[in-house]
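Residue numbers (this note's numbering): 1 to 205.
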């Protein structure tokens, strides 16, 4: 990703220079589907995030959200694991298959503006698991299913709990300027040296 502060013509010229450099020096080509020029106010997707600048007071601020494609992908994986083809699994096996997906996706996006997205994913996950249990136990009533699996939080008989995205704390990035720690900070103290001072000629060791 290259961020440019200038006109669209300047960004287009930089794009052409970049494409030429990559083609001649690195033997790579830019992907037409993934390479485009847009304004930050119109939003763009990058590494699973939707980045868009919105007004906040008098100063516009860039926000990052989980992208629509990333959100569709995690819902698709949940739907595949809670389909009719998996009702032969136990709830404990289903939970062990779902938890790494849910944990990885939510922890990747937990520094974005994702609280509302996580809450919706909670709702979607609950309904998918509920429908999966109804298919698995067609002769049990709803109350019997809840009694067997300990209410609405879907705890398996082995004690494994489902990982709920809505319980993941969202820690938004806060601008810290020059207060961000870095291992390359310049020390104010002069660097110590172990080099011995040269002795005058003829001096005793």
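Glycine included, C-beta positions come from ideal geometry on N, C-alpha and C.
Member of the options whose CA lies at the smallest distance from the CA of residue i
{"i": "residue 49", "options": "14, 114, 17, 9", "result": "114"}
{"i": "residue 73", "options": "41, 20, 61, 102", "result": "102"}
{"i": "residue 75", "options": "146, 124, 16, 44", "result": "124"}
{"i": "residue 161", "options": "134, 91, 121, 142", "result": "91"}
{"i": "residue 78", "options": "122, 107, 40, 59", "result": "122"}
{"i": "residue 69", "options": "117, 84, 107, 30", "result": "117"}
{"i": "residue 106", "options": "85, 45, 164", "result": "164"}
{"i": "residue 33", "options": "46, 17, 25", "result": "46"}
{"i": "residue 126", "options": "138, 60, 24, 95", "result": "95"}
Backbone secondary structure at residue i - three-state DSSP
{"i": "residue 168", "result": "coil"}
{"i": "residue 161", "result": "strand"}
{"i": "residue 203", "result": "Reliability of the predicted coordinates at residue 203 is poor, the pLDDT of 49 falling under 50, and the value obtained from them is presented with this limitation in mind. In this structure, residue 203 counts as coil in the three-state DSSP scheme."}
{"i": "residue 147", "result": "helix"}
{"i": "residue 33", "result": "coil"}
Short Cβ contact (8 Å threshold) for residue i with residue j
{"i": "residue 169", "j": "residue 112", "result": "no"}
{"i": "residue 206", "j": "residue 22", "result": "Nothing in the structure corresponds to residue 206, since the chain is present only between 1 and 205."}
{"i": "residue 134", "j": "residue 82", "result": "no"}
{"i": "residue 37", "j": "residue 62", "result": "no"}
{"i": "residue 41", "j": "residue 53", "result": "yes"}
{"i": "residue 142", "j": "residue 87", "result": "no"}
{"i": "residue 171", "j": "residue 110", "result": "yes"}
{"i": "residue 31", "j": "residue 51", "result": "no"}
{"i": "residue 119", "j": "residue 166", "result": "yes"}
Alpha helix (DSSP H) segment containing residue i, residue limits
{"i": "residue 18", "result": "8-21"}
Residue i - containing beta strand (DSSP E), residue span
{"i": "residue 45", "result": "44-46"}
Original post:
Which ranges would you report for the beta strand (DSSP E) in the stretch 50-136 if only whole runs of at least 3 residues count?
Top reply: 59-66
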